[in-house]
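Chains as they are written, first to last, in our numbering: chain A, 1 to 138; chain B, 1 to 138.
All C-beta atoms, glycine included, are put in the ideal place defined by N, C-alpha and C.
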DNA sequence: ATTATATTTGCAACAAAGTTGCATTTAAAA
DNA sequence: TTTTAAATGCAACTTTGTTGCAAATATAAT
């Protein structure tokens, strides 16, 4: 499905910024930061435009945000696009790569009595296979 | 164990700010934000001092940071103080309370081949028992 | 108890990220 | 082609993260 289709299906205007973000994320198999996405876009877009585009796309669940920590945010395609709604994410401490662990479920622990569950977010931190095979010095 | 002991045990100077943070977190059974802690401290401390105190205490694992999302950060006592090193956290979407689920483990999913695990962070979002019994309107 | 020393604090300053209002531009509907 | 509702870019401002430095202070040494 093209960015064009995705946007019209969600009744969003098909703007270059939105299409660019979606296409960038379709191409990348991993999650990307705002800067990473920005640098891959053909045209330049204002910071505000990016900000609002991410917000809109996230609300429509076309993309989803991965908060590794308060200073490391990445985006990936959302569950409006065949992604499993809830899945863990992997963060590589060496190369800072973030990847959706799509095929895996999140095991939700038993909550205290009377607590209601609604969502879970699980981030696994470690070293990815690329970095592991590259034994560069710390 | 008193804040006094904790600090000296870690070879940190026993300052009012650090003691205040630790005592506040000992009293509270839940995780607290910087603002929440600040408002409970007897004296006023500069933003920078708070910032550096949190940083130092976190490095010594006297406290630990809970990143609910990039705009919601809370602190709780750390594993240098008998807390289990890795545990899930619960976030109440109504009252914004954050609580350590201390007695529970995090189930780490199987990673892609060649990936190395080092840490996991799991946040459960939902409604706490207090908010659930209080059926106030959205 | 007093002095010396290494840390910590508060302030100023700046960087980065989040957010909003508004006039201009533009995509899509008529 | 015209109309109109939505998106963009810019400016402005808020909040949060971060550093350097001089003054203050906790601890070690005397």
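> Is residue 134 of chain A buried or exposed, if buried means 16 or more other CB atoms sit within 10 Å of its CB?
Replying inline: Around the CB of residue 134 of chain A, fewer than 16 other CB atoms lie within 10 Å, so the residue is classed as exposed.
> Does residue 35 of chain B come within less than 8 Å of chain A when only Cβ atoms are used?
Replying inline: So no, residue 35 of chain B is outside the interface.
>> Just to check my reading of the structure: residue 113 of chain A and residue 129 of chain B have Cβ atoms closer than 8 Å, yes? What is that Cβ distance to the nearest angstrom?
In response: The beta-carbon distance between residue 113 of chain A and residue 129 of chain B, rounded to whole angstroms, is 7 Å. This is short enough to meet the 8 Å contact definition.
>> Residues of chain B with CB closer than 9 Å to the CB of residue 76 of chain A, please, in chain order.
In response: Within chain B, no residue comes near residue 76 of chain A; the closest Cβ sits about 16 Å away, beyond 9 Å.
> Does DSSP put residue 117 of chain A in a helix, a strand or coil?
Replying inline: Note: residue 117 of chain A maps to strand in three-state DSSP.
> DSSP puts residue 90 of chain A in a beta bridge; with which residues?
Replying inline: BP columns for residue 90 of chain A point to A:99 and A:124.
> Roughly how many angstroms lie between the CA atoms of residue 4 of chain A and residue 13 of chain B, to the nearest whole one?
Replying inline: Rounded to the nearest whole angstrom, the CA to CA distance from residue 4 of chain A to residue 13 of chain B is 60 Å.
> Where does residue 46 of chain B fall in DSSP's three states?
Replying inline: In this structure, residue 46 of chain B counts as coil in the three-state DSSP scheme.
> For residue 65 of chain A, which of helix, strand or coil comes out of DSSP?
Replying inline: In the structure shown, residue 65 of chain A sits in a strand (DSSP, three-state: E or B).
> Based on Cα-Cα distance, which residue from A:110, A:39 and A:7 lies nearest to residue 89 of chain B?
Replying inline: Of the listed residues, the one whose Cα sits closest to residue 89 of chain B is A:110.
>> Can you look up residue 38 of chain B in the DSSP assignment and give me helix, strand or coil?
In response: Residue 38 of chain B carries a helical assignment under DSSP once its states are collapsed to helix, strand and coil.
>> As a quick exercise: from B:55, B:56 and B:99, pick the residue whose alpha carbon is nearest that of residue 29 of chain B.
In response: In terms of Cα proximity to residue 29 of chain B, the closest of B:55, B:56 and B:99 is B:99.
> Among A:56, A:72 and A:62, which has the Cα closest to the Cα of residue 84 of chain A?
Replying inline: Answer by Cα proximity: A:62.
> residue 49 of chain B and residue 17 of chain B: beta carbons closer than 8 Å?
Replying inline: Yes, Cβ-Cβ distance for residue 49 of chain B and residue 17 of chain B is below 8 Å.
>> Quick check on the burial criterion: 16 or more other C-beta atoms within 10 angstroms. Buried or exposed for residue 157 of chain A?
In response: Since the first residue shown for chain A is 1 and the last is 138, residue 157 of chain A is missing from the structure and cannot be characterised.
> Relative to the C-alpha of residue 124 of chain A, which residue among A:115, A:131, A:101 and A:108 is closest?
Replying inline: Relative to residue 124 of chain A, the option among A:115, A:131, A:101 and A:108 whose CA is nearest is A:101.
>> Taking DSSP's pairing of strands, which residues face residue 75 of chain A in a bridge?
In response: In the DSSP output, where bridge partners are listed per residue, residue 75 of chain A has A:32 and A:65.
> Can you tell which of B:27, B:66, B:21 and B:35 has the C-alpha that lies nearest to the C-alpha of residue 121 of chain B?
Replying inline: Measuring from the Cα of residue 121 of chain B, the nearest candidate turns out to be B:66.
> Under 8 Å between C-beta atoms, does residue 108 of chain A make it to chain B?
Replying inline: Yes, residue 108 of chain A counts as interfacial toward chain B.
>> Measuring straight from C-alpha to C-alpha, what distance separates residue 118 of chain A and residue 80 of chain A?
In response: Cα-Cα distance, rounded: 18 Å.
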